Structure formats: C-alpha cells, structure tokens
Amino acid sequence: MPKKFQTILFWFDGAFCESIAAQVVTILRPQISTAEKATLWEKVESLQQAMAVGNIDADAFCRKAVDICQVASDPDRLQASILQSTSLNKPFFDIYRQIAAEHDPRVLVDIPQTWFNTLIDRWQVSDAFPAVRLIFTETFHLKRMLPDIAYYIPRAAGRNMEECILVDPLQMRAVALHKLGLVSTAYVYPRRLKIDLALQGIWKTSEDIYHPKAGARTNI
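One point on numbering: in my numbering, the residue at position 68 of the sequence shown is 61, and numbering is uninterrupted.
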C-alpha cells in the first residue's frame, strides 16, 4: 500500500450486503413504484444512519421504520425478516478478503453489533472478521453522521485522517467525507472498485487502464 494510505476501511452496510434501508422498503412496501421506493428509501436510510452512529437502537429503528412506511407490522417481525433475508455480497467480500490477506483493513460496522454477529455466523464467514479489525460505529453515540464521523473514524482506526482511505457504498457520503479530508472511493460495482484501488496501489492487477493523472492508458 502506498505510504500515503496506511489503512483501508470498508463500510459494511450496503457493501457486504444490500443496505438495511433498501431491505426494509422491500419487506414492508413491496408493491410500491420505483419512484415511491426511492423516496421512502431516503427516509429509512436517514433513520439507518441515526442507528449507525448510536443515536437510536435497533428496536427504535424498527419501530420508526414501520411508522415511516405506514404499515401495520410488528417491529420485532421486521427485525427477524431483516436478519433472515440479508445475504452476503460475495463479489465484494472476495475483494475484501484478498486485500485482507496482504494488508490490515478495518470494517466500519454501521449496523447493530448483535445483527452483525448474527449475519456473519449465518454466512459462515466469522473468521474473516477478527475483532481487531472491527469498528462498531454505534459506539460513537453521535447526534448526526456528517460531518462528525469524519473525525471519529481515523481516531478509531488509530490513524491520522490522511493515512486512511474509505470504501463507501453511498456515493453522496463518500463525496462529503472526501471534501472533509477523509479520502473515500464510492463502491459502484466490483470491477470499478478494483480499478479505483489499483490506482491507489492497493489492488494488484496487470490490466491496462486509463490513469487520470497520467492522462493516458497505463499498465498498473
């Protein structure tokens, strides 16, 4: 890894699995239109981020999510459905695992620890997430995620801000954190992420790709 970045950090929700917010909308309001889903997702995602930074707990999240979606559903049943339906994003996990074999990454676990433990046990990948690598953002107890979390993440990783690079499934958050000085790359799809990480010297590849700084195609 280049000297500039000593630690690569991966957000969990939305990267290792489909986002909790997207799943809630699918579970509670499966029949609504795509446009309605997008609007509802934004509201539930805001709620999820409040849970991610410890502003509300899992029970409150489920209660509020049911209210936001305006359905007559049991919050406990919603929680059970989330834990049962959430599946591992294998292509992303494979990238993480390969990087972990050569570097010492950190995972920003932005879902409740009990949910996280349940999921990795069910996926049978617990060995890929040793405790030393995990940063549970709910322990930050922030009133808001941005901009506050930009300063908590490096501290939790034991690094200065300029020594960290984040892989973020939320493009708007990635841009916001980048502007705050915490370098972030948005996860869109696996090949794009590999290219982004290769340009930082983190992912090894012999692929001939366009290097934006060189202004030409280059072999990394």
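Quick reminder that beta carbons are idealized off the backbone N, C-alpha and C, glycines included. As the structure is a computational prediction, the values presented were derived from the model and not from experiment.
With distances taken between CB atoms, is the gap from residue i to residue j smaller than 8 Å?
i: residue 126; j: residue 100; result: yes
i: residue 2; j: residue 195; result: no
i: residue 55; j: residue 33; result: no
i: residue 159; j: residue 181; result: no
i: residue 112; j: residue 59; result: no
Which of helix, strand or coil does DSSP assign to residue i?
i: residue 213; result: Caution applies to residue 213, whose pLDDT of 47 falls short of 50 and renders its modelled position unreliable; the model cannot decide the point.
i: residue 86; result: helix
i: residue 120; result: helix
i: residue 1; result: strand
i: residue 186; result: helix
i: residue 67; result: coil
i: residue 141; result: coil
i: residue 50; result: coil
i: residue 135; result: coil
i: residue 166; result: helix
i: residue 115; result: helix
i: residue 198; result: coil
i: residue 24; result: coil
i: residue 110; result: helix
Please name the residue, chosen from the options, that lies closest to residue i on a Cα-to-Cα basis.
i: residue 123; options: 109, 71 and 188; result: 109
i: residue 5; options: 47, 66, 103 and 130; result: 103
i: residue 130; options: 29, 93, 49 and 76; result: 49
i: residue 43; options: 97, 154 and 132; result: 132
i: residue 94; options: 120, 77 and 114; result: 120
With DSSP as the reference, please indicate the residues paired to residue i in a beta bridge.
i: residue 177; result: 159
i: residue 128; result: 101
i: residue 55; result: For residue 55, which the question treats as bridged, DSSP gives no partner whatsoever.
i: residue 81; result: 10
Using a beta-carbon distance below 8 Å, is residue i in contact with chain C?
i: residue 183; result: You won't find chain C in this structure, because it holds only one protein chain.
Quick one: any contact between the segment 65 to 81 and the segment 14 to 30, if contact means 3 or more CB pairs under 8 Å? yes
Counting pairs of beta carbons, one from the segment 181 to 195 and one from the segment 36 to 52, are three or more of them closer than 8 Å? no
So does the segment 79 to 96 actually touch the segment 127 to 140, counting three or more Cβ pairs closer than 8 Å? no
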